[in-house]
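Report on the following structure.
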Amino acid sequence: MVSRVIPVDAFDLVIFGGTGDLAKRKILPGLYRRFLQGQMTEDSRIIGAARADLDDAGFRQMVAEAIEEFVPENRRDAAVIAAFLEKISYISIDALGVTGWDRLKAAVRPDMVRAFYFSVAPSLFGDIAERLHTHGIAHAESRIVVEKPFGRDLASAKALNAVLAKHFNEAQIYRIDHYLGKETVQNLMAVRFANILFEPLWKAEYVDHVQITVAETVSVEGRGAYYDKSGAMRDMVQNHMMQLLCLIAMEPPYHFDPDAVRDEKLKVIRALSPVQPDDIVRGQYRAGNGEGGYLEHCEDANSKTESYIALKTTVSNWRWQGTPFYLRTGKRLRARASEIAITFKQPPHAIFDNESGWHENVLVIRLQPDEGMNLMVMIKEPGPGGMRMMQVPLDMSFAEALGDEAEDVPDAYERLIMDVIRGNQTLFMRGDEVESAWAWTDPIIQGWEARGDKPQAYDAGSSGPEDALMLMHRDGRRWREIKK
Ligand code: NAD
């Protein structure tokens, strides 16, 4: 069922921050899986570059342990792991100094795709870009991959873009938003643009509203001090949720081409209306079930940072006039569940006497935990008793549809890294998209800061603060239940 794996060109991939958490959890295990699948070829090389004083053997040992921990047992093959480790080397490098750069220059090979993954703090991006340039390590075809957070407001995002633009042009810069690498998210585009079924209905005339939910059960414990400088708006809404909103609201691009897709997404961000204070609810989880609350986890008893946010916005263009988009995300909620739900309007005239109440058609796109799609349709309740309506799901779970092979579907990071090697920027954020997203976000944050708004407390394991329910109720709507 899973389509044939097409190997990518041979590459040299340098991972700055190769000993860091992200490299261990995602990047290196992901590359192993692509090697196992035959997509990363024998003549490709991975170079870990970080501050730690390690040799090749020490780094390989670390990579082997990361594979052991983060790759499922039925995908761990000792011979393949050994072959994969042979492709890996390590250079101890100082992003701020002179150590290691000459060795790196000697290690990269001519005539190979050359990519540099900046899996380090954004404050190091400029120094690394500068040194790659001055040491002649990056060439005109080289690519760089950068991680979130991409700025914390418009000014810092602009500064970061400017730092990178000094040495790399936009076609060389891959800003990762791993949500865009998810199978379902790409399927959203397939469903919209490869079928005639939905597109005629994909507009305010037929869509009552859209809900986007990213609910997590985890707290911020352990990284509270970091999270407290960010909050749910910066950490989730400005990037991941904004990207999801764009894919739902965008016009069909003329072609599935990186800039054509990103042009259309940009138009959506620019069309987003400012959010009114009454249309925002912020929350902080309180202590419960023997666990600490947000204020203990973030180590600031007076913190006003939100661990939950719900808001209502609109896309001010012809297609979406009158259709609200409701977004919510938070920590320590009832369940880990991310989904997009598109609720269609009711038919204009009811021909059935319906005792059980009319239900809407809803298209649900699940991102986690179980990726798939669900279309809620009305049918007749089976059996005698007249024409009573009931709502049933037309369910498509990817795991069920693909069976065992679902495990070989690349995860978001793997897919995106392969896209970097292929030179395909479709699923990466362009600099102007990131800046426009901040231009929308900044006044919202500045607004609550100027008003001195405090987030409302909510119980761990709940669906969020009470007022978030009211945000929907007052419009005669309700949130979908947060469940696995
Ligand atoms: P980390 O602190 O675990 O690792 C940082 C890495 O940077 C280490 O390998 C360290 O050796 C290296 N480093 C630090 N200073 C250096 C210097 N002067 N010269 C050379 N190397 C240096 O960080 P992380 O969690 O792996 O995150 C890396 C980046 O990815 C950050 O920007 C982070 O915001 C982003 N990110 C991380 C995650 C995640 O899940 N960990 C998710 C999304 C984005």
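Everything in the sequence shown is counted per the working numbering, starting at 121 for the first residue and increasing by one.
C-beta atoms are modelled at their ideal positions from N, C-alpha and C, and glycine is treated no differently.
Under a 10 Å Cβ-count criterion, V540 is classified as buried, with 16 or more other Cβ atoms of the shown protein chains found around its own Cβ.
A258 and G137 have their C-alpha atoms spaced approximately 17 angstroms apart. When distances are taken from the beta-carbon of K268 to the heavy atoms of ligand 1, the shortest one is below 7 angstroms. Taken in chain order, the unbroken stretches of beta strand (DSSP E) that lie wholly in the region 224 to 304 and span 3 residues or more are 233 to 238, 263 to 266, 293 to 295. Taken in chain order, the unbroken stretches of beta strand (DSSP E) that lie wholly in the region 443 to 481 and span 3 residues or more are 444 to 450, 457 to 464. In the structure shown, the three-state DSSP call for I602 is coil.
K146 carries a helical assignment under DSSP once its states are collapsed to helix, strand and coil. C-alpha of G523 to C-alpha of R124: approximately 16 angstroms in a straight line.
For Q396, no alpha helix (DSSP H) segment is defined, and its DSSP state is neither H nor E. Not one heavy atom of ligand 1 lies closer than 7 angstroms to the C-beta of F190. In the structure shown, the three-state DSSP call for V540 is helix. The criterion of a C-beta distance shorter than 8 angstroms is satisfied by V134 and I167. Distances from the CA of Q441 to each of A369, A199, E193 were compared; the closest alpha carbon is that of A369.
If you ignore the 5 residues before and after I201, its C-beta comes within less than 8 angstroms of the C-beta of Y152, A184, I187, all in its own chain and listed in chain order.
A532 sits in a helix when the DSSP states are folded into three classes. The beta-carbon distance between M353 and T546, rounded to whole angstroms, is 26 angstroms. This is too long to meet the 8 angstroms contact definition. For D562, no beta strand (DSSP E) segment is defined; the enclosing uninterrupted segment is the alpha helix (DSSP H) at 551 to 571.
DSSP places H329 within a strand segment (E or B) once states are collapsed to three. Secondary structure of E416 (DSSP, three-state): helix. Remark: the C-beta of T337 is outside contact range of ligand 1, defined as less than 7 angstroms to any heavy atom.
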